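Quick note on numbering: numbering that gives the first Met the number 0 labels position 241 of the sequence shown as 240, and the sequence is numbered without any gaps.
Glycine included, every Cβ here is placed at the ideal spot set by N, Cα and C.
Bear in mind the structure is a predicted one, so any value in this text is a computation, not a measurement.
Contents: one structure, followed by commentary.
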Amino acid sequence: MIIIISFTLLSSTLLFYSLFQLVFRSEKRLERRYRHYLSYENKKIDRQRFGETLKVILSKQSKNKKRTVKKANPKLDLMLSRAGVPLKAEEYIIFKLLSTAFLGFLFYLITGKIAFLFLGVVIGFLFPKWWLKSKQKKRMEKFNAELPDMIATIVGSLRAGFSFPQALQTVAEESEGPMEEELKAVLKEMQYGTSVEDALNLLKERMPSDDLDLMIQAIVIQRQVGGNLATVLEKIVQTIRDRIKIKRQLVTLTAQGRISGVVIGLLPVFVGFFIYLIEPEYILLLFQHPVGIMMLAGGVFSGSIGFFIIRKMTVIEV
0 MIIIISFTLL SSTLLFYSLF QLVFRSEKRL ERRYRHYLSY ENKKIDRQRF
50 GETLKVILSK QSKNKKRTVK KANPKLDLML SRAGVPLKAE EYIIFKLLST
100 AFLGFLFYLI TGKIAFLFLG VVIGFLFPKW WLKSKQKKRM EKFNAELPDM
150 IATIVGSLRA GFSFPQALQT VAEESEGPME EELKAVLKEM QYGTSVEDAL
200 NLLKERMPSD DLDLMIQAIV IQRQVGGNLA TVLEKIVQTI RDRIKIKRQL
250 VTLTAQGRIS GVVIGLLPVF VGFFIYLIEP EYILLLFQHP VGIMMLAGGV
300 FSGSIGFFII RKMTVIEV
């Protein structure tokens, strides 16, 4: 039985991976060709050939987009950008549909029960969004953790006589991860003719951070009214570091409450699942008998209220 389940899991995973690669393979190939021809200045490619090839690539990309989703979701594109996920909105939607079908089929294949089919469909539908939010949260935390050092490097570069774009270039070369990616995007926008203020505001849209907003406001005001930018940024660095220190202390103090909320929310689910595996008749009464349905609804309602109250009490804004 274990061998059959393992083989089923492996074959289902390979099937899901094959479908995912089949959907996005042509799009990724077009992107690689696009990047290859965009570097024509370094490789001395003929301009006319470059233009003709670029038109063909763009027309193919347009056809692929029309086949998947007629209209992309700007909000979803922004979420994918914030999470650092190299997918377009239409690709993410296809991934979500594949995940829903895959987990529903997998749960039904393992258990052979319709109830688990619907459970797999629900999990497969919700998992991509949860994964995207988790990636976005981790990326934002890493960006905010690197922000004080980034501003300190800018201060040092400005005092060494560098201009602000040169200081950003220095930070981008010395950084890694989300900080490097976002600063390189800002520098590219400035090279394409975007003003410093607009490029920084676009950065603020991609990375909604209070600390970053404080830095950008100081830079914009300094460029409008003048003043010593290095001194202003140095004070902002100290403010941000003090705020980070307070946040870490709050996380430590509220850890017990947050864990209690998770236990209250998940413990009944796991207990009910294990009881169903041992004695299904006890759990099925909650779904079949009117009194059981009322008890189940009341338990879910009261448990959800307790979870959100504890969650609200342990979240403190700084």
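Query raised in the report: Got a sec, what are the start and stop residues for the alpha helix (DSSP H) P267 sits in?
Result: As a first step, residue 267 is located in the sequence shown; it is residue number 268 there, counting from the start. From DSSP, the alpha helix (DSSP H) with P267 extends over 254-277.
Query raised in the report: Under 8 Å, do E181 and L202 count as touching if we go by C-beta distance?
Result: Within the sequence shown, numbered from 1, the residue matching residue 181 stands at position 182. Within the sequence shown, numbered from 1, the residue matching residue 202 stands at position 203. Against a cut-off of 8 Å, the Cβ pair of L202 and E181 comes out as a contact.
Requested in this report: Could you tell me the distance, in whole angstroms, from the CA atom of R310 to the CA atom of G192?
Outcome: Counted from its first residue, the sequence shown places residue 310 at position 311. Counted from its first residue, the sequence shown places residue 192 at position 193. The alpha-carbon atoms of R310 and G192 are separated by roughly 45 Å.
Query raised in the report: Is the beta carbon of P147 less than 8 Å from the beta carbon of Y91?
Result: Taking the sequence shown and counting its residues from 1, the one referred to as residue 147 is at position 148. Taking the sequence shown and counting its residues from 1, the one referred to as residue 91 is at position 92. Against a cut-off of 8 Å, the Cβ pair of Y91 and P147 comes out as no contact.
**Report entry** Length of the line joining the Cα atoms of S137 and V290
**Finding:** By one-based count along the sequence shown, residue 137 stands at place 138. By one-based count along the sequence shown, residue 290 stands at place 291. Looking at the sequence provided, one finds Lys at residue 137 rather than Ser. In a straight line, the C-alpha of K137 is about 43 Å away from that of V290.
Query raised in the report: To which residues of the same chain is N41 closer than 8 Å at the C-beta, ignoring the five residues directly before and after it?
Result: By one-based count along the sequence shown, residue 41 stands at place 42. In this prediction, N41 has a pLDDT of 43, which is less than 50 and means its spatial position is unreliable; nothing more can be read from the coordinates.
Requested in this report: For R81, count neighbouring Cβ atoms within 10 angstroms of its own Cβ and tell me buried if that reaches 16, exposed if not.
Outcome: Along the sequence shown, one-based indexing puts residue 81 at 82. By the neighbour-count rule (16 or more Cβ atoms within 10 Å), R81 is buried.
Query raised in the report: F124 by DSSP, collapsed to three states: which one?
Result: If you number the sequence shown from 1, residue 124 lands on position 125. Helix, per DSSP.
**Report entry** Range of the contiguous alpha helix (DSSP H) that encloses M189
**Finding:** One-based indexing of the sequence shown puts residue 189 at position 190. Where M189 is concerned, the enclosing alpha helix (DSSP H) stretches over 177-190.
Query raised in the report: Which residues mark the beginning and the end of the alpha helix (DSSP H) in which V224 is found?
Result: Here residue 224 is taken as the residue at index 225 of the sequence shown, counted from 1. Residues 209-224.
**Report entry** As assigned by DSSP and simplified to three states, the class of G160
**Finding:** For the purposes of this step, residue 160 is taken as the residue at position 161 of the sequence shown. Here G160 sits in coil by DSSP.
**Report entry** Nearest-angstrom Cα separation, counted from F124 out to S38
**Finding:** For this step, residue 38 is matched to residue 39 along the sequence shown. For this step, residue 124 is matched to residue 125 along the sequence shown. In this prediction, S38 has a pLDDT of 45, which is less than 50 and means its spatial position is unreliable; what the coordinates show is noted afterwards. Going by the C-alpha atoms only, they are around 39 Å apart.
**Report entry** Helix, strand or coil at M206 [DSSP, three-state]
**Finding:** The count along the sequence shown starts at 1 and reaches residue 206 at position 207. Reduced to three states, the DSSP call for M206 is coil.
Query raised in the report: Can you give the Cα-Cα distance for G111 and G103, rounded to whole angstroms?
Result: Reading the sequence shown from its first residue, position 112 is the one you call residue 111. Reading the sequence shown from its first residue, position 104 is the one you call residue 103. Going from the Cα of G111 to the Cα of G103 covers about 11 Å.
Query - Residue interval of the alpha helix (DSSP H) (run including L77) - result: By one-based count along the sequence shown, residue 77 stands at place 78. First-last of the alpha helix (DSSP H) with L77: 73-82.
Requested in this report: With L102 as the anchor, note down where its alpha helix (DSSP H) starts and where it stops.
Outcome: Within the sequence shown, the letter at position 103 stands for residue 102. Unbroken alpha helix (DSSP H) run through L102: 88-110.
Report task. Could you please give the first and the last residue of the uninterrupted alpha helix (DSSP H) stretch that includes I292? Result -> Taking the sequence shown and counting its residues from 1, one reaches residue 292 at position 293. Here the alpha helix (DSSP H) through I292 covers 289-313.
Report task. For G260, count neighbouring C-beta atoms within 10 Å of its own C-beta (all shown protein chains included) and say buried if the count is 16 or more, exposed if not. Result -> Start at 1 with the first residue of the sequence shown, and residue 260 comes out as number 261. So G260 counts as buried.
**Report entry** For T193, the three-state DSSP class (helix, strand or coil)
**Finding:** One-based indexing of the sequence shown puts residue 193 at position 194. In the structure shown, T193 sits in coil (DSSP, three-state: anything other than H, G, I, E or B).
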